[in-house]
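>
In my numbering, the protein residues as written are -9 to 298.
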């Protein structure tokens, strides 16, 4: 029985050894990069809730919020199904968590990349708006409607409200809400505020503030994306190795019986804790920059109250 226990732990011990080696490498990187471990403390000024971040990822993928929720629940159910098939008690807890968190993590990189493309295209349309006002002498309302009718492939959903009739402020607010992007929200806030100013002032603001600041934000995000992509690649590699080893072990009756025992459950808990700690530590090396978010609906209400 002792020999069987040792053999059963071999796949897991291999994974643990790999994770320990990666943890040592991460510790060395943290020392070289002077990572501030105090960032583990939760921020007191959390302007974006967990639910709002979930909506940001769904918007980045171009998915309706309802589709995102349904798919998250489907992967939670898949985790429960794996636990039921294997008969490992601990997987009734780890399975749903892995399904929910893993699905989000797998698509977060794609959502960020797609949002960057959308923001880059949006800055191009912002230049187009500036040219329509400065060269073609179009009013702001007319220029925005023209942009809504010709949004381009990456901005169809975001700029669609601008093509509608009715209140321009309402349409601009809807554009910002759909985009869920700090750059788009910042431009929307300026457009709401500038409607009561002259066109020349808005053109100057676009040239001197919105486009330069937007380009700087994009450059910072693109630089961070390179490192974040490497972090995700390491995490995917560790996850794949862990899942493969666990699948091999659970595919053998004797090994599955061991992991259904108390000792096997302890081994799985140790592996899960080590893996979770390593993933969190990897995320501390480089974290996405947070930007100011705008409450566009409240801003629009204040502007209308002031007669803007």
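We put the beta carbon where it would ideally sit given N, CA and C, even for glycine.
1) Span of the alpha helix (DSSP H) holding residue 76?
2) Using the three-state DSSP reduction, which class does residue 118 fall into: helix, strand or coil?
3) Taking only three categories from DSSP, how would you classify residue 177?
4) Among 79, 105, 115, which one has its Cα closest to the Cα of residue 177?
5) Could you spell out the range, first to last residue, of the alpha helix (DSSP H) harbouring residue 149?
6) With DSSP collapsed to three states, give me the class of residue 140.
7) What are the boundary residues of the alpha helix (DSSP H) that includes residue 247?
8) Please list, in chain order, all residues of the same chain as residue 284 whose beta carbon is under 6 angstroms from its beta carbon, the five residues on each side excluded.
9) Does the separation of the CB atoms of residue 168 and residue 199 fall below 8 angstroms?
10) Is it true that the CB of residue 89 sits closer than 8 angstroms to the CB of residue 59?
11) Can you name, in chain order, every residue of its own chain whose Cβ lies under 8 angstroms from the Cβ of residue 157, other than the five neighbours on each side?
12) Are three or more beta carbon pairs between the stretch 255 to 268 and the stretch 129 to 140 nearer than 8 angstroms?
13) Would you mind working out which of 166, 184, 79 sits nearest residue 131, comparing C-alpha positions?
14) At the level of alpha carbons, what is the spacing between residue 94 and residue 222?
15) Please tell me whether residue 342 and residue 122 are closer than 8 angstroms, where the distance is taken between their beta carbons.
16) Note down the Cα distance separating residue 289 from residue 170, rounded to an integer number of angstroms.
17) Return the first residue and the last residue of the alpha helix (DSSP H) that residue 220 is part of.
18) Pick helix, strand or coil for residue 24, following the three-state DSSP scheme.
Taking the geometry as given:
1) 55 to 76
2) helix
3) helix
4) 115
5) 146 to 149
6) coil
7) 243 to 249
8) 175, 179
9) no
10) no
11) none
12) no
13) 184
14) 12 angstroms
15) Coverage of the chain is limited to positions -9 through 298, which leaves residue 342 absent and any answer about it impossible.
16) 16 angstroms
17) 201 to 240
18) The predicted position of residue 24 is uncertain, since its pLDDT is 47 and thus under 50; a value taken from the coordinates is nonetheless stated next. Residue 24 falls in the coil class under three-state DSSP.
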